[in-house]
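Enquirer:
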Amino acid sequence: MTAVVRWLGITTTLIGAVSALLLALGKFGDAAYAPCKSFPSLPWCASSTLSLIPFDSGTTDGGHNQGEYCEPRAAAYRAQNPDFTITWRGSETNHKDFWGHVTYNYHCEFVAVPNGRSLGIWMIIGGGAIGLLALLFVWWRRGGFRLRAA
Numbered sequence: 003m004t005a006v007v008r009w010l011g012i013t014t015t016l017i018g019a020v021s022a023l024l025l026a027l028g029k030f031g032d033a034a035y036a037p038c039k040s041f042p043s044l045p046w047c048a049s050s051t052l053s054l055i056p057f058d059s060g061t062t063d064g065g066h067n068q069g070e071y072c073e074p075r076a077a078a079y080r081a082q083n084p085d086f087t088i089t090w091r092g093s094e095t096n097h098k099d100f101w102g103h104v105t106y107n108y109h110c111e112f113v114a115v116p117n118g119r120s121l122g123i124w125m126i127i128g129g130g131a132i133g134l135l136a137l138l139f140v141w142w143r144r145g146g147f148r149l150r151a152a
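Note that the working numbering has the sequence shown beginning at 3, numbered continuously upward.
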């Protein structure tokens, strides 16, 4: 019976500790983004969306691929918007005429993600790691690491 109570207490404590850690991480994230209202130019405050115009190649003959049409346009968008990571998704439609000649139309959609947002995420992860280390240190100071002889 004592073992059941002990394990129930340990399990409840661990659930409470994990819940408190997750709650603290959320509050740390709020604190990390709080200065963004006053100073939106901070690198981790980039939250603006960038709408990029899709591109269609028009009708082309075979022997080409999506990269030939999408990558030059993506490179131009990257040069115009250095604060964003720009990727593309391509698709194609084809048409085969009566004589068997196939033509293609390549479609490119571009996705832009702000570069600075990842810094805030790393700050949250770092803060959580520091908090976990602090909890482990307090546990160690209270004699939590007792190794038993075999």
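A virtual CB, placed ideally from N, CA and C, is assigned to each residue, including glycine.
From this set, V104, K98, C110, which residue's C-alpha is nearest G92's C-alpha?
Expert: C110
Enquirer: Take every Cβ of the stretch 95 to 110, pair it with every Cβ of the stretch 127 to 139, and state whether three or more of those distances are shorter than 8 Å.
Expert: no
Enquirer: Please determine, among G145, R143, R144, L134, the residue with the shortest C-alpha to C-alpha distance to L16.
Expert: Closest by alpha carbon: L134.
Enquirer: Across which residues does DSSP place E111 in a beta bridge pair?
Expert: R91
Enquirer: Starting from the C-beta of N96, find all residues in its chain whose C-beta is less than 8 Å away, skip the five residues before and the five after it, and write them out in chain order.
Expert: So the list reads V104, T105, Y106, N107, once near-sequence residues are dropped.
Enquirer: Residue range of the beta strand (DSSP E) that G145 falls in?
Expert: No beta strand (DSSP E) contains G145, which DSSP labels as neither H nor E.
Enquirer: In its own chain, which residues sit with a C-beta less than 7 Å from the C-beta of N83, not counting the 5 before and 5 after it?
Expert: L52, A114
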